[in-house]
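Chemist: Residue 60 is where the sequence shown starts when you use our numbering, and the numbers rise one by one after that. We put the beta carbon where it would ideally sit given N, CA and C, even for glycine.
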Amino acid sequence: MRFECKTAHSIVEVDVARLYDEGKRYLILDIDNTVTPWRSMELEGEVLLWAQNAVETGFGLFILSNNHNKDRSRAMAQRLGAKWCDTGHKKPSKKAFLAAVEHMGGTVEQTVMIGDQLFSDVKGAKKAGIDGILLDPIAKKEAPITKLLRLAERIYGRKVIFSKNK
Ligand SMILES: [Mg+2]
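(1) Would you check if there are 3 or more beta carbon pairs closer than 8 Å linking the region 192-199 to the region 60-67?
(2) Measuring alpha carbon to alpha carbon, tell me which of Ser99, Asp91, Gly119 and Ala159 ends up nearest Leu78.
(3) Could you check where the beta strand (DSSP E) with Ile192 kicks off and where it finishes?
(4) Excluding five sequence neighbours on each side, which residues of the same chain lie with their C-beta closer than 6 Å to the C-beta of Thr205?
(5) How many Å lie between Glu72 and Tyr85 at the Cα?
(6) What are the start and end residues of the beta strand (DSSP E) that includes Gly174?
(7) Would you say the beta carbon of Thr66 comes nearer than 6 Å to a heavy atom of ligand 1?
(8) Any heavy atom of ligand 1 within a distance shorter than 6 Å of the CB on Asn92?
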């Protein structure tokens, strides 16, 4: 199956009705710099409305974060109407993505990963056979390791993702 990666400026620009028409039914959401700034607990009203609209459209949502704070992930999921569980795996391991899909009761073909990081979010999803939507990060503030990965993103560019055979 052909892997597809779209891009969007922010999560609220992701057109869930269109994804639904394309046969998608499940969305895996990253937390940091995708739904909220790094380490923040704030959720903007428009993000909450976007998530509510996604659920009402018929999507199952799942929160998948490498952040160590599990209480935060659980609380974020609850507020967004999303599922969450400790998958026991870290992105970009494909096991993390496959566990999320299984927890939602869906299939990889029906699922889209939405996140701001090329390597952990989109490339990990690709390994699992899941389409991706790469967002611009909400804020510049992020973990030191992420800053290193941003450098790698700039060096290797999006060809990592868009090349057919990787
Ligand atoms: Mg992120």
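Modeler: Judging by the given coordinates:
(1) yes
(2) Closest option to Leu78, Cα to Cα, is Gly119.
(3) Asp190 to Leu194
(4) none
(5) 17 Å
(6) Segment Thr170 to Gly174, the beta strand (DSSP E) holding Gly174.
(7) no
(8) yes
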